[in-house]
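A.B. asks: Shown below is the structure under consideration.
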Amino acid sequence: MPMKPKKIVLSLAALFLSAGTLLPCTNLIVTKGASKDGSVMVTYSADSHQLYGELYFWPAAKWKEGSMLKIYEWDTGKFMGEIPQARETYSVTGNMNEHQLVIGETTYGGRREFRDRNGIMDYGSLIYVSLQRCKTAREAIALIDNLMQTYGYASSGESFTIADPDEVWIMEIMAKAPRMVEGENVNKGAVWVAKRIPDGYISAHANQARITTIDFNDPDNCLYSPDVISHAREMGIYSGNDKEFSFSDVYAPVDFGGARFCDARVWAFFNRYADGMDKYLDYAMGYDLSNRMPLYVKPNTKLSVKDVADMMRDHYEGTPMDMTCDIGAGGNAVPYRWRPMSFEVDGKTYLNERAIATQQTGWWYVGQCRSDMPRNLGGLFWFGVDDAGTSALIPIYSVSGNVAECIEKGNGSMLEYSETSLFWIVNRVTQFAYLRYNQVGTEVRSVVDKWENEMIDKTRQVDQIAVDMYRRDPELAREFLTDFSVNAAQTLFKTWVELDKYLMVKYIDGNTKRQEADGSFSNNGHDPRIPASPKNEGYTQKWKEAVVKDHGNVLETK
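In the working numbering, the protein residues as written are 392 to 949.
Laid out in structure tokens, this is it:
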């Protein structure tokens with residue numbers, strides 16, 4: 392059983408010492424045999440307070456011999472250096488390329504002394520350069536390794552999800568601890584390990600390194616850098632046997648924050664779809680760090696793309712960490728806690744939960760790699776902006792030749808409002824939903840569900856048309872899928888513009904206007920411009936009880 396609340400508070404003394412407690416992003420993984428339609432599915436939420444919601448796009452290209460590629464750090468825009476450009480690069484839409492290679496990530500930080508300040512390749516550049524140059528997951532793993540060892544790895548500890556229509560890998564990397572000789576780092580590069588998720592299983596990672604032991608004689612399912620153990624010995628952080636070596640425990644040991652703020656999100660996914668996960672609740676809540684979860688689990692049902700999308704909207708509902716149940720949810724069951732992640736009362740430190748769905752998401756996706764479709768046709772990149780809890784996914788085919796204006800890179804920024812940007816209109820709706828989440832948020836989710844279910848049905852029809860077209864003219868099929876993707880994005884944008892107006896009219900001033908069976912607003916029976924008396928839906932019972940406890944002696948009626 393979990394510790395009692397008093398003991399929880401006492402265990403938080405060193406809560407925020409780990410880097411992992413403050414880091415964003417979640418990846419969920421579903422293999423072919425675990426999905427209803429036989430697709431590989433990977434999710435990613437880019438949960439940065441500074442990241443704008445836009446869809447990256449690189450067209451396929453041929454490059455002259457000797458061309459160079461400028462590398463800019465993804466998080467900051469800082470110029471890092473140059474590397475030789477490939478002679479040919481592939482089309483990339485978001486985090487998926489035309490050959491259905493998809494890459495996601497979460498940052499776990501790890502040991503602070505393992506940082507190469509002179510490295511060129513940051514984790515974002517590794518993702519997008521690999522997508523432009525590789526066709527398969529294994530090719531991407533090899534290229535990432537080559538780029539890091541050749542040009543240096545410039546980020547902290549990182550977990551990548553790397554998938555194609557046939558397999559999914561988790562690759563975890565850590566920069567080597569720098570050793571400077573005459574101004575040059577002789578320990579340039581990174582150590583790493585990668586494991587393939589077995590078909591029929593699901594996995595996830597969320598800002599905590601999860602790979603432990605290494606399968607040294609199973610190259611079909613486990614790959615690693617040759618110095619992954621020797622470098623740890625050299626740095627004096629490991630002295631045991633090779634077979635007992637654990638990548639996570641050595642390079643990124645889990646602490647309370649790594650479990651509660653990070654692996655708890657993995658547990659939420661596993662708990663929803665696998666049996667027996669209650670035995671890991673103590674670990675997820677940070678109470679028993681020795682009881683670590685497995686890297687992957689067998690689901691008790693096969694998952695659909697809608698199942699996976701909705702999992703990205705999780706706030707620990709139905710668990711002891713349910714964010715809708717305590718008084719922190721306010722009077723309208725808001726499953727969000729504004730930062731910072733901790734607070735103090737009477738000298739004791741308490742936490743705010745970090746769920747999969749979070750307010751600071753810039754953009755997120757569910758990538759589908761489909762082996763039953765032509766390799767350079769079947770990638771389906773479901774893309775959304777802002778908080779997954781109140782935003783809808785757009786079906787975008789990864790062979791698309793261009794991007795819709797409403798999600799195009801450069802249409803607005805975090806410092807520049809744009810009337811034509813999907814990110815900003817979604818944020819308008821979401822910010823309003825946060826005020827009365829159990830009412831406005833519920834209605835927004837009904838619109839999200841209707842849209843996504845319609846798009847799932849629509850893509851089945853589009854797939855059939857595109858495959859028939861592809862047999863006759865592959866380029867025509869690509870143009871058809873591009874038009875569909877662009878139109879879907881613009882249609883969603885228009886839908887949210889109207890939703891914004893509708894919600895404002897319906898829920899203004901804390902009231903809820905009454906509606907007729909057809910959805911129109913009811914009037915007072917005399918003047919069509921004057922509404923009927925509105926409903927006053929008030930606050931949750933939990934909130935009322937808390938108010939009475941705090942101030943009831945003043946508020947009590949006589």
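Backbone N, C-alpha and C fix where the C-beta goes; we use that ideal spot for every residue, glycine too.
Fair warning: this is a prediction, and the values are worked out from it, not measured in the lab.
In angstroms, rounded to a whole number, what distance separates the CA positions of N818 and P726?
C.D. replies: Start at 1 with the first residue of the sequence shown, and residue 818 comes out as number 427. Start at 1 with the first residue of the sequence shown, and residue 726 comes out as number 335. If you draw a straight line from the Cα of N818 to the Cα of P726, it comes to about 16 Å.
A.B. asks: Shortest alpha-carbon distance to G424 belongs to which of N537, E558, E496 and N488?
C.D. replies: Working through the sequence shown from its first residue, we reach residue 424 at position 33. Comparing Cα positions, the closest option is E558.
A.B. asks: Taking only the alpha-carbon atoms, compute the straight-line gap between T412 and H917 and give it to the nearest angstrom.
C.D. replies: Reading the sequence shown from its first residue, position 21 is the one you call residue 412. Reading the sequence shown from its first residue, position 526 is the one you call residue 917. Per-residue confidence for T412 stands at a pLDDT of 40, beneath the threshold of 50, marking its modelled position as unreliable; no derived number is given.
A.B. asks: To the nearest angstrom, how far is it from the Cα of G769 to the Cα of A581?
C.D. replies: Translated into the one-based positions of the sequence shown, residue 769 becomes position 378. Translated into the one-based positions of the sequence shown, residue 581 becomes position 190. Their backbone Cα atoms lie some 34 Å apart in a straight line.
A.B. asks: Spell out the partners DSSP gives L826 in its beta bridges.
C.D. replies: Reading the sequence shown from its first residue, position 435 is the one you call residue 826. In DSSP, L826 forms no bridge with anything.
A.B. asks: What did DSSP end up calling C613 once you bin it into helix, strand or coil?
C.D. replies: Along the sequence shown, one-based indexing puts residue 613 at 222. Strand at C613.
A.B. asks: May I ask you to verify whether the segment 768-784 touches the segment 699-708, counting CB pairs closer than 8 Å and requiring at least 3?
C.D. replies: yes
A.B. asks: Look at the alpha carbon of Y741 and the alpha carbon of E845, and state the distance between them as a whole number of angstroms.
C.D. replies: As a working mapping, residue 741 is identified with position 350 in the sequence shown. As a working mapping, residue 845 is identified with position 454 in the sequence shown. One C-alpha to the other measures close to 43 Å.
A.B. asks: Should F814 and Y519 be called a contact, given that it needs their Cβ atoms to be closer than 9 Å?
C.D. replies: To locate residue 814, count along the sequence shown from 1; it is residue 423. To locate residue 519, count along the sequence shown from 1; it is residue 128. No.
A.B. asks: Would you check if there are 3 or more beta carbon pairs closer than 8 Å linking the segment 529-539 to the segment 796-808?
C.D. replies: With the cut-off at 8 Å, the segment 529-539 and the segment 796-808 do not touch.
A.B. asks: For the beta strand (DSSP E) containing I535, name the first residue and the last one.
C.D. replies: Here residue 535 refers to the residue found at position 144 when the sequence shown is read from its first residue. From DSSP, I535 is part of no beta strand (DSSP E) but of the alpha helix (DSSP H) over A528 to Y542.
A.B. asks: Quick one: residues in its chain with C-beta nearer than 8 Å to the C-beta of Q523, no 5 flanking neighbours on either side, listed in chain order?
C.D. replies: In the sequence shown, counting from the first residue as 1, residue 523 sits at position 132. Excluding residues within five positions, the ones whose Cβ falls inside 8 Å are W449, A477, T480, Y481, V483 and N488.
A.B. asks: Could you say which of Q852, E889, W583 and F470 lies nearest to V838 if we only look at CA atoms?
C.D. replies: Position 447 of the sequence shown, counting from 1, holds the residue named residue 838. From the listed residues Q852, E889, W583 and F470, the smallest Cα separation to V838 is found for E889.
A.B. asks: Which residues share a DSSP beta bridge with N576?
C.D. replies: On the sequence shown, position 185 is the one that residue 576 refers to. The partner list for N576 (beta bridge, DSSP) reads M571.
A.B. asks: Quick check on DSSP: helix, strand or coil for D941?
C.D. replies: Position 550 of the sequence shown, counting from 1, holds the residue named residue 941. Helix.
A.B. asks: Quick check on R587: does DSSP put it in helix, strand or coil?
C.D. replies: For the purposes of this step, residue 587 is identified with residue 196 of the sequence shown, where counting begins at 1. In the structure shown, R587 sits in a strand (DSSP, three-state: E or B).
A.B. asks: When burial is assigned at 16 or more other CB atoms within 10 Å of the CB, is L946 buried or exposed?
C.D. replies: Position 555 of the sequence shown, counting from 1, holds the residue named residue 946. Burial call: exposed.
A.B. asks: On a CA-only basis, which of I785, P865, A824 and E907 is nearest E445? Give me that one, please.
C.D. replies: Walking along the sequence shown from the start, residue 445 turns up at place 54. E445 has its Cα closest to that of I785, out of I785, P865, A824 and E907.
A.B. asks: With distance defined between alpha-carbon atoms, name the residue in M432, K885 and G510 nearest to P578.
C.D. replies: As a working note, residue 578 is residue 187 in the sequence shown. One point to set straight first is that residue 578 is Asn, not Pro, in the sequence displayed. Taking only the C-alpha atoms, the option nearest N578 is G510.
A.B. asks: Short of 8 Å in beta carbon distance, which residues of its chain neighbour N902, apart from the five on each side in sequence? Order them along the chain.
C.D. replies: Within the sequence shown, residue 902 is the residue found at index 511, counting from 1. Around N902: P925, K926 and N927.
A.B. asks: Is it the case that the CB of V699 approaches a heavy atom of the ligand PLP more closely than 8 Å?
C.D. replies: The ligand PLP is not part of this structure, which contains no ligands at all.
A.B. asks: Just mark R503 as buried or exposed, buried being the case when its beta carbon has 16 or more other beta carbons within 10 Å.
C.D. replies: Here residue 503 corresponds to residue number 112 of the sequence shown, with the count starting at 1. So R503 ends up on the exposed side.
A.B. asks: Would you kindly work out how many angstroms separate the C-alpha atoms of S695 and A568, rounded to a whole number?
C.D. replies: Position 304 of the sequence shown holds residue 695. Position 177 of the sequence shown holds residue 568. If I take the Cα positions, the gap works out to 42 Å.
A.B. asks: Which term fits T948, buried or exposed, when burial requires 16 or more other beta carbons within 10 angstroms of its beta carbon?
C.D. replies: As a first step, residue 948 must be located in the sequence shown, where it is residue number 557. Classification of T948: exposed, given that the 10 Å Cβ count is below 16.
A.B. asks: Who are the Cβ neighbours of Y664 in its own chain at under 7 Å, not counting the five residues just before and after it?
C.D. replies: Position 273 of the sequence shown, counted from the first residue, corresponds to residue 664. Excluding positions up to five away in sequence, the list reads I593, P690, N691, T692 and L694.
A.B. asks: Using the Cα positions of S546 and E563, report the straight-line distance between them to the nearest angstrom.
C.D. replies: For the purposes of this step, residue 546 is taken as residue 155 along the sequence shown, with counting starting at 1. For the purposes of this step, residue 563 is taken as residue 172 along the sequence shown, with counting starting at 1. Those two C-alpha atoms are separated by around 12 Å.
A.B. asks: Among P685, V433 and Y671, which residue has its Cα nearest to the Cα of D679?
C.D. replies: Here residue 679 refers to the residue found at position 288 when the sequence shown is read from its first residue. Residue Y671 is the option with its Cα nearest to D679.
A.B. asks: Can you tell me the Cβ-Cβ gap for S616 and W583, rounded? I've got them flagged as a contact below 8 Å.
C.D. replies: Along the sequence shown, read from residue 1 onward, the residue named residue 616 stands at position 225. Along the sequence shown, read from residue 1 onward, the residue named residue 583 stands at position 192. With a Cβ gap of about 5 Å, S616 and W583 count as contacting.
A.B. asks: Short check: CB of F871 to CB of V853, under 9 Å?
C.D. replies: Counting from 1 along the sequence shown, the entry for residue 871 is found at position 480. Counting from 1 along the sequence shown, the entry for residue 853 is found at position 462. A contact, by the Cβ cut-off of 9 Å.
A.B. asks: Are the beta-carbon atoms of Q491 and S911 separated by less than 9 Å?
C.D. replies: Here residue 491 refers to the residue found at position 100 when the sequence shown is read from its first residue. Here residue 911 refers to the residue found at position 520 when the sequence shown is read from its first residue. No, the pair does not count as a contact, with Cβ atoms beyond the cut-off.
A.B. asks: T497 by DSSP, collapsed to three states: which one?
C.D. replies: Residue 497 sits at position 106 when you count from the first residue of the sequence shown. Residue state for T497 is assigned as strand, using DSSP reduced to three classes.
A.B. asks: Quick check: what's the CA-CA separation for V832 versus E635?
C.D. replies: For this step, residue 832 is matched to residue 441 along the sequence shown. For this step, residue 635 is matched to residue 244 along the sequence shown. Per the sequence shown, residue 832 should be read as Gly rather than Val. Distance between the alpha carbons of G832 and E635 is about 48 Å.
A.B. asks: With C-beta atoms as the reference, is G429 less than 9 Å away from S762?
C.D. replies: Indexing the sequence shown from 1 puts residue 429 at position 38. Indexing the sequence shown from 1 puts residue 762 at position 371. Cβ distance < 9 Å, so G429 and S762 count as in contact.
A.B. asks: Using a threshold of 9 Å, state whether the C-beta atoms of I588 and R656 are closer than that.
C.D. replies: Stepping through the sequence shown from its first residue, residue 588 is reached at position 197. Stepping through the sequence shown from its first residue, residue 656 is reached at position 265. Contact flag unset, no.
A.B. asks: Would you kindly report the start and end of the unbroken alpha helix (DSSP H) that includes L890?
C.D. replies: Your numbering for residue 890 matches position 499 in the sequence shown. Residues P865 to Y898.
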